[in-house]
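*Asks:* Residue numbers (the numbering used here): 155 to 503. Backbone N, C-alpha and C define an ideal beta-carbon position, used for all residues, glycine too. Quick caveat: nothing in here was measured; it's all calculated off a predicted structure. Submitted below is the structure of interest, expressed as structure tokens.
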Amino acid sequence: MDKVKVGLVGAGIWGTMHARAYTQHPLVDLAAVCDLDENRARQVAEQYGVAHVYTDVVAMIENENLQGISVATPDATHTPIVLEAVAKGLHILVEKPLATTVAECEQMISAAKAAGVLLMVDWHNRWNPPYHHAWQAIRAGELGDVRYIYYRLSDTVYVPTKMLPWAAQSTVMWFLGSHALDTTCWLMGKRPTRIYCQKRAGMLAGMGVDTPDLYVTLLDFEDGALAIIENTWILPQASPALIDHKCEILGTQGAIYIDPTHDRSFAKYTPQTIQGFPNAPFADMFITPEIHGKQMGFAVESISHFVDCIYHNRPPLATGHDGLLNTRLIQAAEKSAQIGMPVDLGLDR
Ligand SMILES: NC(=O)c1ccc[n+]([C@@H]2O[C@H](COP(=O)([O-])OP(=O)(O)OC[C@H]3O[C@@H](n4cnc5c(N)ncnc54)[C@H](O)[C@@H]3O)[C@@H](O)[C@H]2O)c1
């Protein structure tokens with residue numbers, strides 16, 4: 155079997171995870187890594203045995219005869235990279251959010267369609283075991299009609315202040331709300347019709363990172379079902395995990411409760427525990443846990459899915475259209491927070 159030849163753009167925290175996932179995959183040749191910061195690209199290439207390093211994505215695409223690329227650069231930088239790659243006939247796996255404007259999402263979707271290439275957005279919670287179980291149960295009708303979803307996805311203050319150098323150019327809504335909105339809509343399987351959002355700021359701005367502290371969003375769906383979504387970036391550093399992820403799904407015939415953060419499948423207490431992440435007691439068991447030197451977890455599964463889609467020429471389970479809906483919802487949420495009123499989404503299926 156011939157290997158699928160791919161490249162990576164963006165060798166930061168999440169791009170490094172992509173590099174590791176690709177180099178572990180028996181059917182992938184990760185041929186090149188590109189980053190504006192050459193040292194970073196070189197470091198990742200050396201760590202994972204990648205032959206070529208670039209600082210210019212156009213040069214990488216022209217020289218490497220790739221079939222696909224991962225785009226793992228900061229949120230607002232995805233579009234020109236995706237368009238360059240699509241123009242050369244490459245399949246794309248782009249990190250969430252697809253883009254920060256609706257116009258850019260539409261541009262990427264129509265370019266990918268015209269070129270006949272796959273455009274997948276990395277909504278990896280669709281591979282997260284408890285969420286996938288819930289999705290299956292809902293689709294099988296086990297809950298009856300879903301009337302309500304509560305969804306919390308938040309981080310400790312470590313993420314905006316110590317992990318993401320570009321946190322002030324983004325928001326917790328783009329970083330985590332995007333996942334929460336995507337997973338909620340995917341679980342619900344209904345058309346969202348109206349959004350009402352409020353946000354609060356002050357704590358992070360006081361710490362020198364000028365971005366909101368939290369968002370609370372109420373989403374209406376076409377048949378009157380509701381969702382409440384909560385995203386903050388100010389959980390205490392001493393929290394038992396870096397991320398607080400929770401979901402409750404209520405249907406006419408049953409309910410599902412998901413708590414991958416506090417499921418207590420593993421807890422470790424040492425003298426460092428009080429300092430929180432990276433010494434928090436509840437280690438990651440789902441996203442990218444390392445088992446016998448191999449990176450496992452649902453974040454790896456979504457990347458493998460992209461490879462499968464290229465290999466078998468199948469459409470991905472998370473598309474550019476899902477990315478477009480997400481960006482529309484976030485823009486409408488921001489508008490709602492600004493005017494203090496609900497915003498009708500006016501979405502046609
Ligand atoms: N799916 C998830 O759960 C998840 C988790 C973390 C990050 N992300 C997403 O991944 C993306 C990257 O996040 P990160 O945390 O790795 O950021 P990061 O800051 O650690 O890394 C980004 C890298 O991109 C490089 N870069 C910027 N512009 C570039 C360009 N035009 N060409 C080449 N390289 C460029 C930077 O030099 C940097 O090395 C973001 O869109 C983020 O939202 C997704």
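On the DSSP bridge list, what partners appear for Y369?
*Replies:* BP columns for Y369 point to K353 and N385.
*Asks:* Helix, strand or coil for K157, going by three-state DSSP, please let me know.
*Replies:* Three-state DSSP puts K157 in coil, outside helix and strand.
*Asks:* Is the beta carbon of K157 sitting closer than 8 angstroms to the one on V182?
*Replies:* Yes, they are a contact pair.
*Asks:* For Q528, which of helix, strand or coil comes out of DSSP?
*Replies:* Residue 528 falls outside the range modelled here, since the chain spans only 155 to 503, and no answer is possible.
*Asks:* Are the Cβ atoms of L244 and I215 separated by less than 8 angstroms?
*Replies:* It is a contact, given that the beta carbons lie within the stated cut-off.
*Asks:* With a threshold of 7 angstroms (Cβ to nearest heavy atom), would D546 be considered close to ligand 1?
*Replies:* Look at the range of the chain in this structure, 155 to 503, and you will see that residue 546 is not part of it.
*Asks:* Pick out the complete alpha helix (DSSP H) segments inside the segment 233-306, 4 residues or longer, and give them in chain order.
*Replies:* Complete alpha helix (DSSP H) runs here, min 4: 256-269 and 283-293.
*Asks:* Just mark N193 as buried or exposed, buried being the case when its beta carbon has 16 or more other beta carbons within 10 Å.
*Replies:* Classification of N193: exposed, given that the 10 Å Cβ count is below 16.
*Asks:* Rounded to whole angstroms, what is the Cα-Cα separation between F452 and Y465?
*Replies:* Rounded to whole angstroms, F452 to Y465 spans 20 angstroms at the Cα level.
*Asks:* Among all the DSSP beta bridges, which residues are the ones paired with H206?
*Replies:* DSSP lists A186 as partners of H206.
*Asks:* Taking all protein chains shown into account, decide if E296 is buried (16 or more other Cβ within 10 angstroms of its Cβ) or exposed.
*Replies:* Exposed.
*Asks:* Could you give the uninterrupted runs of the alpha helix (DSSP H) lying entirely in the segment 419-475, keeping only those of 4 residues or more?
*Replies:* Qualifying alpha helix (DSSP H) stretches, in chain order: 452-466.
*Asks:* Does at least one heavy atom of ligand 1 sit under 7 angstroms from the Cβ of G166?
*Replies:* True, at least one ligand heavy atom lies under 7 angstroms from that Cβ.
*Asks:* Which residues mark the beginning and the end of the beta strand (DSSP E) in which A409 is found?
*Replies:* Counting along the chain, the beta strand (DSSP E) containing A409 begins and ends at A409 to I412.
*Asks:* According to the Cβ coordinates, are K400 and I412 closer than 8 angstroms?
*Replies:* In this structure, I412 lies closer than 8 angstroms to K400 by Cβ.
*Asks:* Return the first residue and the last residue of the alpha helix (DSSP H) that D336 is part of.
*Replies:* Its alpha helix (DSSP H) spans residues S332 to M342.
*Asks:* Could you have a look at H399 and say whether DSSP puts it in helix, strand or coil?
*Replies:* Residue state, collapsed to three classes: strand.
*Asks:* Tell me which same chain residues have a C-beta within less than 8 angstroms of the C-beta of T347, skipping the five on either side of it?
*Replies:* D374, F375, E376, D498, L499 and L501, listed in sequence order.
*Asks:* Hey, is A472 close to ligand 1, as in C-beta under 7 angstroms from one of its heavy atoms?
*Replies:* Checking the Cβ of A472 against ligand 1 gives no.
*Asks:* How is the beta strand (DSSP E) around V225 delimited, first residue to last?
*Replies:* Run containing V225: G222 to V225, per the beta strand (DSSP E) assignment.
*Asks:* Report the rounded CA-to-CA distance for K353 versus A266, giving the unit in angstroms.
*Replies:* Rounded to whole angstroms, K353 to A266 spans 34 angstroms at the Cα level.
*Asks:* When DSSP labels each residue in this structure, what does G405 get in the three-state scheme?
*Replies:* Residue state, collapsed to three classes: strand.
*Asks:* Output the distance between the C-alpha atoms of T406 and C463, rounded to the nearest integer angstrom.
*Replies:* Cα to Cα, T406 sits roughly 36 angstroms from C463.
*Asks:* Is any heavy atom in ligand 1 found nearer than 7 angstroms to the beta carbon of C259?
*Replies:* No, the beta carbon of C259 sits no closer than 7 angstroms to any heavy atom of ligand 1.
*Asks:* Should the segment 169-183 be regarded as contacting the segment 220-227, the criterion being three or more beta carbon pairs within less than 8 angstroms?
*Replies:* Short answer: they touch.
*Asks:* Less than 6 angstroms between C-beta atoms, sequence neighbours within five positions excluded: which residues of the same chain meet that for A487?
*Replies:* Around A487: I349, C351 and T371.
*Asks:* May I ask which residues mark the beginning and end of the alpha helix (DSSP H) holding E216?
*Replies:* It spans V211 to E218 - the alpha helix (DSSP H) in which E216 sits, taken as one unbroken run.
*Asks:* Quick check on the DSSP output: the alpha helix (DSSP H) that includes M327 runs from which residue to which?
*Replies:* Looking at the DSSP string, M327 is not in any alpha helix (DSSP H), and its letter there is neither H nor E.
*Asks:* List the endpoints of the continuous alpha helix (DSSP H) containing M171.
*Replies:* Per DSSP, M171 belongs to the alpha helix (DSSP H) from I167 to Q178.
*Asks:* Just mark Y423 as buried or exposed, buried being the case when its beta carbon has 16 or more other beta carbons within 10 Å.
*Replies:* Its Cβ having fewer than 16 others within 10 Å, Y423 is exposed.
*Asks:* Does the separation of the CB atoms of D229 and T209 fall below 8 angstroms?
*Replies:* Cβ distance not < 8 angstroms, so D229 and T209 don't count as in contact.
*Asks:* From this set, L396, I263 and V311, which residue's C-alpha is nearest G362's C-alpha?
*Replies:* That would be V311, whose Cα lies nearest to the Cα of G362.
*Asks:* Is A226 a contact residue of ligand 1, with contact defined as CB to any heavy atom under 7 angstroms?
*Replies:* Result yes, Cβ under 7 angstroms from ligand 1.
*Asks:* On the premise that W387 lies in contact with P314, defined as a C-beta separation below 8 angstroms, what is that separation, rounded to the nearest angstrom?
*Replies:* Between W387 and P314 the Cβ distance is about 5 angstroms, and since that is below 8 angstroms, they are a contact.
*Asks:* Assign G378 to one of two classes, buried (16 or more other C-beta atoms within 10 Å of its C-beta) or exposed (fewer than that).
*Replies:* Result: exposed.
*Asks:* Have a look at P180, L162, T233 and H232 and flag the residue whose alpha-carbon is nearest the alpha-carbon of A199.
*Replies:* The residue with the shortest Cα to Cα distance from A199 is L162.
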